[in-house]
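J.:
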Amino acid sequence: GESVGLHLPTLSVQEGDNSIINCAYSNSASDYFIWYKQESGKGPQFIIDIRSNMDKRQGQRVTVLLNKTVKHLSLQIAATQPGDSAVYFCAESSGGSNYKLTFGKGTLLTVNP
Amino acid sequence: GAGVSQTPSNKVTEKGKYVELRCDPISGHTALYWYRQSLGQGPEFLIYFQGTGAADDSGLPNDRFFAVRPEGSVSTLKIQRTERGDSAVYLCASSFSGSLFYEQFFGPGTRLTVL
Chain A
1 GESVGLHLPT LSVQEGDNSI INCAYSNSAS DYFIWYKQES GKGPQFIIDI
51 RSNMDKRQGQ RVTVLLNKTV KHLSLQIAAT QPGDSAVYFC AESSGGSNYK
101 LTFGKGTLLT VNP
Chain B
114 GAGVSQTPSN KVTEKGKYVE LRCDPISGHT ALYWYRQSLG QGPEFLIYFQ
164 GTGAADDSGL PNDRFFAVRP EGSVSTLKIQ RTERGDSAVY LCASSFSGSL
214 FYEQFFGPGT RLTVL
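Line by line, the protein sequences give chains A and B. Quick note on the working numbering: the first sequence kicks off at 1 and runs consecutively. Quick note on the working numbering: the second sequence kicks off at 114 and runs consecutively.
1) Any idea what DSSP makes of Arg182 of chain B, helix, strand or coil?
2) Please state if the CB of Trp147 of chain B and the CB of Tyr215 of chain B are separated by a distance shorter than 8 Å.
3) In terms of alpha-carbon separation, which member of A:Ala91, A:Leu11, A:Ser12 lies closest to Asn64 of chain A?
4) Determine the contact status of Pro138 of chain B and Arg149 of chain B, defining contact as a CB-CB distance below 8 Å.
5) Residues of the stretch 18-47 of chain A with a CB closer than 9 Å to any CB of chain B: list them in chain order, please.
6) Name, please, each residue of chain B whose Cβ falls closer than 9 Å to the Cβ of Ser93 of chain A.
7) Are the C-beta of Lys100 of chain A and some C-beta of chain B separated by less than 8 Å?
8) Note down the Cα distance separating Lys123 of chain A from Ser12 of chain A, rounded to an integer number of angstroms.
9) Taking contact to mean at least 3 C-beta pairs separated by less than 8 Å, is the stretch 177-189 of chain B in contact with the stretch 114-125 of chain B?
10) For Ser200 of chain B, which option in B:Gly153, B:Leu213, B:Gly211 has the closest C-alpha, if you only look at C-alpha atoms?
11) Taking only the alpha-carbon atoms, compute the straight-line gap between Lys128 of chain B and Arg177 of chain B and give it to the nearest angstrom.
The following block contains the structure:
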């Protein structure tokens, strides 16, 4: 059958470890960023967002860091669990648009029990 | 409550045929979006509706693609003269309003295969 993530960057971690997923963006006008989680056969699910006037935002077990100088975004997942296994996408709003999302390529996270 | 639903979940068609993909947004959501996701890629924006009107259709790849939302709720994505390159998962999302202050909720997608 099909292999989702055949061409995706992959990250494999042990259960309980912390995970860091990275994303680079190119549009310096982007002012809003979102991390999504997508499980096989499902649509993307919102995890956490951050606006460009912030450099860090924390949620439950997740932290997003934004470095506008180098146009880099990261998602940190604490105490990774098997249920965290999925493809993770960063998305940005196009400059001047407050509704259109541009998604990155995605990273496949595999959590080993 | 119910989330965004899409039908059919899978559609197999032959090159040159016409297909319709349906999206039922969350009740009360005025904004609706269509995205296309190719294997191993992130979703790509196709079109955005605010109410009944297409506020931005800049992501539609060509004039074979068309979408409607006649009553401001259910939307249909229509593809004429399908080509093998149209094979992808078509995702629909809805939000309370067309601002990124409001989360976009995605449906499970329709997997379209053009033979």
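The beta carbon of each residue, even a glycine, is placed where N, CA and C say it ideally should be.
T.: Based on what the coordinates show:
1) Residue state, collapsed to three classes: coil.
2) no
3) Inspection of the sequence shows that residue 64 of chain A is occupied by Val rather than by Asn. Closest by alpha carbon: A:Ala91.
4) no
5) Tyr32, Ile34, Tyr36, Gln38, Gly41, Lys42, Gly43, Pro44, Gln45, Phe46
6) Leu213
7) yes
8) Because chain A in this structure spans residues 1 to 113, residue 123 of chain A falls outside the shown range and cannot be described.
9) no
10) B:Gly153
11) 13 Å
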